[in-house]
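Input: a single structure, listed below in C-alpha cells.
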Amino acid sequence: MLPRLGSVFKDESKLDISYVPRRLPHREKELRILFEFFSFLLRDPLRMTQKVLIVGDVGTGKTALAQKFGEDITRLGGVNIKYVHVNCRQYRGSLFLLLSNVLSAFHPSFPKRGLSAEELLNILLQVMDEQNVYTILTLDEFESLIDKEGSEAVYKLTRLQESRIGKPHRISLICILKNLEFLNTLDASTRSSLQSNIVYLERYTQDQLVDILNDRVQIAFNPNTVPDDTVNLIAELAHSEGGNARFAIELLWRAGKYADAEGMRVVTPDCVRKAASSTFAMIRKSDLVQLNFHEKLFLLSIARFFKENEEAYASLSEIEQAYAITCEEYGVQPYTHTQLWNYLQNLSALGIVKKKVSIAEGGRGRTTLVYLPSISASELEKELVELLEKN
Amino acid sequence: MGSRMRLKILRILTRIGELNVSEIARRVGGDHKTVKEHLKILEENGILQHKTYGRICLYRFNPNSPKAMAIQKFIEEWESLEKPHA
Chain A
1 MLPRLGSVFK DESKLDISYV PRRLPHREKE LRILFEFFSF LLRDPLRMTQ
51 KVLIVGDVGT GKTALAQKFG EDITRLGGVN IKYVHVNCRQ YRGSLFLLLS
101 NVLSAFHPSF PKRGLSAEEL LNILLQVMDE QNVYTILTLD EFESLIDKEG
151 SEAVYKLTRL QESRIGKPHR ISLICILKNL EFLNTLDAST RSSLQSNIVY
201 LERYTQDQLV DILNDRVQIA FNPNTVPDDT VNLIAELAHS EGGNARFAIE
251 LLWRAGKYAD AEGMRVVTPD CVRKAASSTF AMIRKSDLVQ LNFHEKLFLL
301 SIARFFKENE EAYASLSEIE QAYAITCEEY GVQPYTHTQL WNYLQNLSAL
351 GIVKKKVSIA EGGRGRTTLV YLPSISASEL EKELVELLEK N
Chain B
1 MGSRMRLKIL RILTRIGELN VSEIARRVGG DHKTVKEHLK ILEENGILQH
51 KTYGRICLYR FNPNSPKAMA IQKFIEEWES LEKPHA
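In the order they appear, the protein sequences are chains A and B. Sequential numbering of the first sequence, starting at 1, is according to the working numbering. Sequential numbering of the second sequence, starting at 1, is according to the working numbering.
Below is the structure:
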C-alpha cells in the first residue's frame, strides 16, 4: 500500500488484522511448544498426526500464533507440509463448507456439489495421498463448528485414520477457541481425543502490549511519528480492555488516522483519546464483516431501534418488528423467531449486543431484553448500511 | 479429433486442466450422455485419462502420451494467436 503524501503511516497494511508479523513478542515460548508438538512431522510424518488446542481470550494472539507457526514450519523444507487456516465462523460452522474450502486449496476446480462432508473428507485424503502432502489444518473459532455440527463432525476429523489403516497419516489439527468450556458440549470420546495438548495464552500485560505496539510502530509508521507517551497510553487502554492486543493495534491505527485527518506530523496522546472516544472502536470491524446478510439486517434493526427510541432496553419481539421492516426495505423474506434467537446468541457472544432475561412480577413469564453496550447506535447503523451496500 | 464437440472438450481442458463430466457438459453445452461418449473416445485414443474420487470422475490430458501433449500445446498456441493483441 502506497503511503499518502505527508501521512504518518509508512505502511498501514502492517496494522491490518490479517497481517502476520515476523516476530511475535511474548509468544516465543508458545511457538516453541507448538514446534515440540509437531516435531514428529519433520522426522517421521507417516506414522502419526497431532491434535493441539490453542485457548485464550480475544486479542491474546491465538490466530497470529497459529499462522506464524504455519509459516515457519512450512518454510523448513524437507517434508511436504501444507498449512491451511480456516475460520469456522466464516463458513457458518458448516463442516461441508469448511472442507470445500480446504479442498480448494489443493484442487481449485474440484466439483463439490452433491457431495457429503464425509465424501469430501475422503477425497481430500486421496488428493493428499496423491500429492504426498502432510497438512496442518487450523480450525479457528472452533466453537462455531462445535455449535453447528456437534460431536459428529469433530469426531470425524479426529478419527480420520481409523478407516485408513496402513495408509500414511495426513491431517493434523490445531483448534483455536476462547474457552475450553465449549468442549463440554461434545461427547466424552470426542472430547478425550482432543484434549491432550493444550496451549493456553494468557492475557497480555501492559508492558507486553507496549512491546507489541513498538514492533508495529516500527514497521507501520514513519520514524519519530509515534512518541512513547502515545504507545504507553494505548497499552494502558488496551490493558483495561482485557489485555487485548488486537484492540491495541486497531486503536494505534485509528489514532494514526486522526493524526492524518488533522494534518499532524505526530500521533499525539490526544489522537488516541479521540480514537478511543469514538465508541465504535470498541467493536471489531472484522466481526461485523463476518456476519451473514440476515445477521447484519438483524443488527441493523437493533441499531435503528435504539437510535429512534430513547429506551435503554428492547424486548426481542420489538426487535423482531423492527427487523421485519428492515427486511421489507431490503426486499427479503424475514427469518423466523428461532433463527433470530440464534443470531442474538451469536451477537451477544461477540460482545456487539448484550442481553438479559427479565422475569415478570410474580415470577411468571420471562422476557429477553437486548441492549447495546456503550456503542453508538448511529455509528453502528452507518457501518452496517455501508457493509450491506457492499453485499 | 474428428468432431466439433471433441475439439470444444479439449479446448476447455487445455484452459482448466481437470474437470468432471457434468462440468465439461455444462461448459461445452452438450448433454451428459453425448459428452461422456466423446470423452470415452478421447480416452480410448490415449488423449485423455480419468481419475476417480469417490463418485466423481475427473478428466484431463494424458501426461504420458506424446500425442496428447502435442495436441494440448497446439491448442494453447492456437488460442494465444486468437487473443486480441494489446
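Glycine included, each C-beta is placed from N, C-alpha and C at the ideal position. Being a predicted model, the structure only gives us computed values, none of them experimental.
Near residue i, which residues of its chain fall below 7 Å by C-beta distance, leaving aside the five closest residues on each side in sequence?
i      : result
A:Q90  : Q290
A:A349 : none
B:R27  : I12
B:G30  : M5
A:K274 : Y258
A:N101 : V86, Y91
B:H38  : S3, M5, R6, I9
A:V79  : L41, L42, P45, Y134
From which residue to which residue does the alpha helix (DSSP H) around residue i run?
i      : result
A:S240 : 228-240
B:T34  : 32-44
A:G256 : 245-261
A:N214 : 206-220
A:I123 : 117-131
A:A377 : 377-390
Grab the span of the beta strand (DSSP E) containing residue i for me, first residue to last.
i      : result
A:F96  : Note, A:F96: premise wrong, no beta strand (DSSP E); alpha helix (DSSP H) at 95-106.
A:L180 : From DSSP, A:L180 is part of no beta strand (DSSP E); its letter is neither H nor E.
A:V370 : 366-371
A:L157 : Per DSSP, A:L157 belongs to no beta strand (DSSP E); it is in the alpha helix (DSSP H), 142-158.
A:I54  : 51-56
A:S358 : 354-359
B:T52  : 48-53
A:I165 : A:I165 -> no beta strand (DSSP E), and no H or E assigned at all.
A:F38  : Note, A:F38: premise wrong, no beta strand (DSSP E); not H, not E.
A:H85  : 81-87
A:V199 : 198-201
B:R60  : 56-61
Just how far apart, CA to CA, sit residue i and residue j?
i      : j      : result
A:V332 : A:L387 : 17 Å
B:L19  : A:E320 : 46 Å
A:R265 : A:A276 : 20 Å
A:E130 : A:P108 : 15 Å
A:L65  : A:G93  : 22 Å
A:F38  : A:F69  : 10 Å
A:I325 : A:D187 : 41 Å
B:L118 : A:F106 : Chain B is shown only over 1 to 86; residue 118 of chain B falls outside these bounds and no answer can be derived.
A:L42  : A:K167 : 18 Å
A:K307 : A:K148 : 33 Å
B:I75  : B:T14  : 7 Å
A:I81  : B:I16  : 26 Å
A:Y19  : A:V272 : 22 Å
A:R113 : A:E236 : 50 Å
A:T336 : B:K33  : 43 Å
B:E23  : B:K36  : 11 Å
A:L299 : A:I165 : 49 Å
A:Q67  : A:I359 : 45 Å
A:V154 : A:E381 : 37 Å
Might you give, ordered along the chain, the residues of its own chain that have their beta carbon closer than 6 Å to the beta carbon of residue i, omitting 5 neighbours on each side?
i      : result
A:L316 : T368
A:C175 : L53, L139, F142
A:L173 : K51, L137
B:T52  : none
A:D72  : none
A:E250 : none
A:S193 : T158
For the candidate residues the options, whose alpha-carbon lies nearest to that of residue i?
i      : options                        : result
A:F182 : A:K390, A:L173, A:Q195         : A:Q195
A:I212 : A:T60, A:R47, A:R43            : A:T60
A:G56  : A:A312, A:D44, A:A261, A:Y204  : A:Y204
A:A312 : A:H294, A:Y330, A:Q345, A:V353 : A:V353
A:R254 : A:L15, A:N342, A:V133          : A:L15
A:V58  : A:Q339, A:N179, A:F221         : A:N179
A:H169 : A:Y134, A:R113, A:L300, A:E149 : A:Y134
A:E36  : A:P111, A:L103, A:N197         : A:N197
A:P227 : A:V267, A:E118, A:I165, A:A377 : A:V267
A:N184 : A:R164, A:I17, A:S151, A:V84   : A:S151
A:R191 : A:I146, A:G263, A:I165, A:G242 : A:I146
A:A117 : A:M128, A:L34, A:L103          : A:L103
A:A314 : A:V357, A:H294, A:S286         : A:V357
A:A322 : A:N132, A:I302, A:A261         : A:I302
A:L372 : A:C327, A:R47, A:F305          : A:F305
A:I17  : A:I171, A:Q206, A:A245, A:M48  : A:A245
So, at 8 Å on beta carbons, what are the nonlocal neighbours of residue i in its own chain, with the 5 sequence-adjacent residues on each side left out?
i     : result
A:M1  : With a pLDDT of 48 at A:M1, under the threshold of 50, the modelled position of this residue cannot be trusted; read the value that follows with caution. Cβ within range, chain order: D11, E12, S13.
B:A86 : With a pLDDT of 46 at B:A86, under the threshold of 50, the predicted position of this residue should be treated as unreliable, though the coordinate-derived value follows. Answer for B:A86: no residue qualifies.
At a Cβ threshold of 8 Å, is residue i touching chain C?
i     : result
B:L48 : The question asks about chain C, but that chain is absent: this structure's protein chains are A and B.
Any heavy atom of the ligand MG closer than 7 Å to the Cβ of residue i?
i      : result
A:V133 : For the ligand MG, the structure offers nothing, since it holds no ligand at all.
Just checking, does the segment 62-74 of chain B make contact with the segment 108-123 of chain A on the three C-beta pairs under 8 Å criterion? no
Counting Cβ pairs closer than 8 Å, one from the segment 149-167 of chain A and one from the segment 22-34 of chain A, do we hit at least three? no
Would the segment 3-23 of chain A and the segment 205-224 of chain A be scored as touching if the rule is three or more Cβ pairs under 8 Å? yes
Any 3 or more C-beta pairs closer than 8 Å across the segment 377-387 of chain A and the segment 31-45 of chain B: With a cut-off of 8 Å, the segment 31-45 of chain B and the segment 377-387 of chain A do not count as touching, because too few Cβ pairs lie within range.
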